[in-house]
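Undergrad:
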Amino acid sequence: MTLFWRIFLLNAAVLTVAAALLLLGPVTVSTPVVLAEALILSAGLAVMLIANAALLRLGLSPLQRLARTMATLDLLRPGPRPAAVGHGEIADLITTFNSMLDRLEAERATSNARALSAQEAERRRIAQELHDEVGQTLTAVLLELKRVADQAPAAVRTELRQVQETTRSSLDEIRRIARRLRPGVLDELGLVSALRSLINELPTHGGLTARRQLQTDLPDLGKDVELVLYRVAQESLTNTIRHARATRVELSLRRVSTGVELRIRDDGQGLQGAPEGAGIRGMRERALLIGAELHLDPGPGGGTDVRLVTPFGNTEEAENTRNGSD
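Be aware that the sequence shown starts at 1, since it is given in the UniProt record's numbering, and climbs by one per residue.
This is how it looks when you write it as structure tokens:
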């Protein structure tokens, strides 16, 4: 039965009952209208309107639930689909909406996979150019500075040594940037070694103390999953350094009952209700690509608790998503 006929029949039923009560009941209408008759008719009209409103609210309540779902929907935080309750067109509308959500999430996952794949390729290219072009040029400059300093008079030798140290610091910084853009240790030695290197590179001059707990007997997660775990850890630690004003940060990687859990906790000032920026939304998009769950919660003693749980069986799914994006 269509929505039109349901509303029409509900109203027809209410009006039929009201007409039957007027015909069969003892109520009559005089001319002029007596006060008692007006009160009875007003009460009957009120009851009819209340019954009509209750029946319509009951019949249209699935649409209200669907409207609330539409208003609060976030594709980066997929939740349960609204149940296809109701009859006729209402159930068809909810079913169509759920199908639309499935298509939107699939298309978003495909487009995100393409974008992130292109981003990683661009990072790899830039890191390679920094290492091969800029790095080699600065190395040649260092060697030339050393040769000139060795032959220079004592008056300018000290200044040349200072220029040499500045150049060496710039070379180290470029190498550090190249490693952050595309960590070679992740491809060569695996996720645990890459996370250990990431923790070791954290600056300590601001009073930040870093701890790590990394299990080594983890299952084979695949390159895509390991890259997502590394990028989430990298973004979380970057946010801690830049915004948290923390004195302590802990990074852990361990096997749990549902999969592998990556956790980063700090004692900083926390999220404080601030809107999510591009970094956090990027973390959520990466987590969706591998079917993982990302949680950002306040820490038990303050600060921020970032937890990413990736199931064991998502390696094939991530690989299929990446292949589909190609």
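Beta carbons: idealized from backbone N, C-alpha and C, even for Gly. Since the structure is predicted, the reported quantities are computational estimates derived from the model, not experimental observations.
Can you check whether the CB of R212 is closer than 8 angstroms to the CB of L251?
TA: yes
Undergrad: Rounded to whole angstroms, what is the Cα-Cα separation between G135 and I126?
TA: 12 angstroms
Undergrad: Could you give the DSSP three-state label for A210: helix, strand or coil?
TA: In the structure shown, A210 sits in a strand (DSSP, three-state: E or B).
Undergrad: Could you pull the start and end residues of the alpha helix (DSSP H) that V228 belongs to?
TA: 223-239
Undergrad: Taking only three categories from DSSP, how would you classify D132?
TA: helix
Undergrad: Return the residue from the list W5, L63, P80, T166 that minimises the CA-CA distance to L93.
TA: L63
Undergrad: Could you compute how far the alpha carbon of V156 sits from the alpha carbon of T166?
TA: 16 angstroms
Undergrad: Looking at the structure shown, is I50 part of a helix, part of a strand, or coil, going by DSSP?
TA: helix
Undergrad: Would you kindly work out how many angstroms separate the C-alpha atoms of A46 and A18, rounded to a whole number?
TA: 11 angstroms
Undergrad: How many Å lie between S193 and V228 at the Cα?
TA: Per the coordinates, the alpha-carbon of S193 lies some 15 angstroms from the alpha-carbon of V228.
Undergrad: Nearest-angstrom Cα distance between G207 and R307?
TA: 24 angstroms
Undergrad: For M70, is the classification buried or exposed, using 16 other Cβ atoms within 10 angstroms of its Cβ as the cut-off for buried?
TA: exposed
Undergrad: Would you tell me roughly how many angstroms separate the C-alpha atoms of L186 and H295, rounded to the nearest one?
TA: 24 angstroms
Undergrad: Just to confirm the assignment, what range does the alpha helix (DSSP H) spanning E293 have?
TA: No alpha helix (DSSP H) contains E293, which is instead part of the beta strand (DSSP E) from 293-298.
Undergrad: Since T209 contacts R248 with CB under 8 angstroms, what's their CB separation in whole angstroms?
TA: Confirmed, Cβ separation roughly 5 angstroms.
Undergrad: Of all the options I7, H131, G222, which has the alpha carbon lying nearest to the alpha carbon of R57?
TA: I7
Undergrad: Rank D305, Q162, S61, T137 by C-alpha distance to the C-alpha of A149 and give the top, closest one.
TA: Q162
Undergrad: Quick check on DSSP: helix, strand or coil for V120?
TA: Looking at the sequence provided, one finds Glu at residue 120 rather than Val. Reduced to three states, the DSSP call for E120 is helix.
Undergrad: I want to know whether the segment 231-240 touches the segment 270-285 - three or more CB-CB distances under 8 angstroms.
TA: yes
Undergrad: Does I290 come out as helix, strand or coil in the three-state DSSP assignment?
TA: coil
Undergrad: At the level of alpha carbons, what is the spacing between T16 and L35?
TA: 25 angstroms
Undergrad: Relative to the C-alpha of V309, which residue among A118, R284, I177, G299 is closest?
TA: For the set A118, R284, I177, G299, the Cα lying nearest the Cα of V309 is the one of R284.
Undergrad: Helix, strand or coil: which one does DSSP assign to E250?
TA: strand
Undergrad: Alpha carbon to alpha carbon, how far is L138 from R168?
TA: In this structure, the CA atom of L138 is about 8 angstroms from the CA atom of R168.
Undergrad: So for R322, helix, strand or coil by DSSP?
TA: Any reading at R322 needs caution, since the residue's pLDDT is 43, under 50, leaving its predicted position unreliable; the model's value is listed next. Under the three-state reduction of DSSP output, R322 falls in the helix class.
Undergrad: Around the C-beta of I290, are 16 or more other C-beta atoms found within 10 angstroms, so that it is buried, or is it exposed?
TA: buried
Undergrad: Could you tell me if D266 is buried or exposed, where buried requires 16 or more neighbouring beta carbons within 10 angstroms of its beta carbon?
TA: buried
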